[in-house]
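Residue numbers (full-length UniProt numbering): 1 to 596. Okay, so here's the structure we're looking at.
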């Protein structure tokens, strides 16, 4: 009996202890989440757009943002010769980062004015961030006390009333977490009033657009002064854009097949309290190169494949882009329907490991560039452009024309919008008899800027030194030819082979387009018949005096054979004559990626 009484007493005592502990715990919890009448306003600033410049943004917007807030850091770069050296590609791995003089790091410490006008007018980073959030997008704020005890969840909608919490205590520290999927759909799952730790774990996908921000706020000592929190979301994914550019081919990409062999993590479990991923799904090892095509204001093409990953802990150590087919339209496509197709498999392999950071954008830029034709003899070692310099006044683009023919101007100085064509006054900014000479070297304006320049008269000696010959086994050689366009040309053959669809040979065709007369649009020395004289004139970079410069020319007396040529690289000519320009490669040029 006594034993039973003892057991009952022990049970009673244990019950009293448990009740006492629960009471203390409840009392402590009530004390920790004690409420007051202080206000905390949550002001939405937007998305931190560090590295998030849209590839489809206008050149004006991109230029303004990049000049003020962003910079591109080249992490790895390599140059690859493709398809028998008829095309060159520069492949660059680029990290887009925030410039040193612009930072959003202290935005949580800024108090936005009620009308937002002052801050928006003076902060390009804030202005860029606000423009990134979708109109009507929903977001959620989780509020905790300084001991990480959950208080409440507050939902907000962009463009609506600023969310607030009006039950805070004065002079107290609070912690907040904010997240959004940047959509108008209701945020799911809901957070219960008494959540467990599991309620703070959500699934984030690489394409789901999870945005997150967190911080602390200490309320004012006076209950009449509300506190303001600025929420600047950061993307919880990393973007890797693979960009193929045809700008340096002066052409449009109309077909591309390949794969991107880059391991990306499609989803992970994200903890809202810690602001970190706790686990990841298995990675995707590769992606089909289904590129989005964008025709720019330069009438060229950017092909973009955007990949996303949620893993900011595992480095990407081995990655490549493999092309199995690449098709350019060519700038005479509408007349000949001629494509330029490359079908040899071309890998672009990178060896620089990098760990993607959440909220940042990386870019693998593969920039296709026209290459050159080298001539080396006693006259020097010169890398010549395949074809003439051409300016399009509609697109304002300097390029190197593709075809051995007069598709562009039919022997006329003006084509299309008035000053298109290839008859330049000496070092004029663009074609046209009324253009001022001596302004700039137009070859330096060909993309990428500075890669090409005008040749000196000494460099034209490399062409003069090539012998005339009709022997099909002699390389290099010069002979007189005519195309079916028709246009006569000096067929300067470098080596055996073909350069389709442009030419059936590999060389430097010198189109005999004559010249534009002094102070007029009349064409002289242009002859498409098989007899009588025809001429080609090229400017050199050498100036003689204020009115004259040195030019190169070849004149022949007919089509066929290899005789009857008169040539010189030391012709004195008025700077206001309209001559063609044959650019040479600037061997001191350093490539810097830029698609502005």
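For glycine and all other residues, C-beta sits at the position ideal for the given N, C-alpha and C.
Item	Value
Can the beta-carbon of residue 197 be found less than 9 Å from the beta-carbon of residue 273?	yes
Grab the span of the beta strand (DSSP E) containing residue 550 for me, first residue to last.	548-558
Could you pull out every unbroken beta strand (DSSP E) segment of at least 3 residues lying fully inside the segment 147-233, listed in chain order?	150-157, 164-168, 173-180, 201-205 and 211-218
Three-state secondary structure (DSSP) at residue 260?	strand
CB-CB under 8 Å to residue 43, same chain, minus the five flanking residues each way: which ones, in chain order?	112, 162, 228, 229, 230 and 231
Check whether the segment 366-373 touches the segment 381-401, counting contact only when three or more Cβ pairs, one atom from each stretch, lie closer than 8 Å.	yes
Less than 9 Å between the C-beta atoms of residue 327 and residue 341, yes or no?	yes
What residues match up with residue 516 in a beta bridge as DSSP calls it?	523 and 578
Classify residue 549: buried if its beta carbon has 16 or more other beta carbons within 10 angstroms, exposed otherwise.	buried
Should residue 611 go down as buried or exposed, given a rule of 16 or more other Cβ atoms within 10 Å for buried?	What the structure shows of the chain is the stretch from 1 to 596, and residue 611 is not part of that stretch, so it cannot be assessed.
Pick helix, strand or coil for residue 45, following the three-state DSSP scheme.	strand
Do you know how far the Cα of residue 269 is from the Cα of residue 239?	18 Å
The alpha helix (DSSP H) spanning residue 461 covers which residue range?	461-464
Using beta-carbon positions only, say whether residue 652 and residue 463 come within less than 9 Å of one another.	The question about residue 652 has no answer, for the chain in this structure spans 1 to 596.
Determine the DSSP secondary structure at residue 252, reduced to helix, strand or coil.	coil
For a test of the three-state rule: what should DSSP assign to residue 266, helix, strand or coil?	coil
Write down the C-beta distance between residue 510 and residue 523 rounded to the nearest angstrom, noting that I regard them as a contact closer than 8 Å.	Rounded, the Cβ-Cβ distance is 17 Å, inconsistent with contact.
Short of 6 Å in beta carbon distance, which residues of its chain neighbour residue 590, apart from the five on each side in sequence? Order them along the chain.	none
Indicate the three-state DSSP secondary structure (helix, strand or coil) for residue 486 in the structure shown.	coil
In terms of residue numbering, what span does the beta strand (DSSP E) encompassing residue 372 cover?	372-377
Whole angstroms are fine: how far does the CA of residue 355 sit from the CA of residue 205?	18 Å
Nearest to residue 484 by CA position, among 498, 496 and 528, is which residue?	528
Would DSSP call residue 442 helix, strand or coil?	helix
When you compare the CB positions of residue 236 and residue 358, do they come within less than 9 Å of one another, or not?	yes
Quickly, what does DSSP pair residue 468 with across the bridge? List them, please.	478
Please say whether residue 250 and residue 399 have beta carbons closer to each other than 9 Å?	yes
Which residues mark the beginning and the end of the beta strand (DSSP E) in which residue 35 is found?	Looking at the DSSP string, residue 35 is not in any beta strand (DSSP E), and its letter there is neither H nor E.
When you compare only the Cα positions, how much space is there between residue 559 and residue 482?	6 Å
Helix or strand or just coil, what does DSSP make of residue 587?	coil
So, is residue 587 buried or exposed, given that buried needs 16 or more other C-beta atoms within 10 angstroms?	exposed
Give the DSSP-derived three-state secondary structure of residue 282 in the structure shown.	coil
Please classify residue 67 as buried or exposed, where buried requires at least 16 other C-beta atoms within 10 Å of its C-beta.	At residue 67 the pLDDT is 44, less than 50, meaning the model places this residue with poor confidence and gives no usable figure here.
Exposed or buried, what is residue 506 when buried is set at 16 or more other beta-carbons lying within 10 Å of its beta-carbon?	buried
Whole-angstrom Cβ separation of residue 138 and residue 157, contact assumed at under 8 Å?	6 Å
My understanding is that residue 453 touches residue 441, with C-beta atoms under 8 Å, so please give their C-beta distance in whole angstroms.	6 Å
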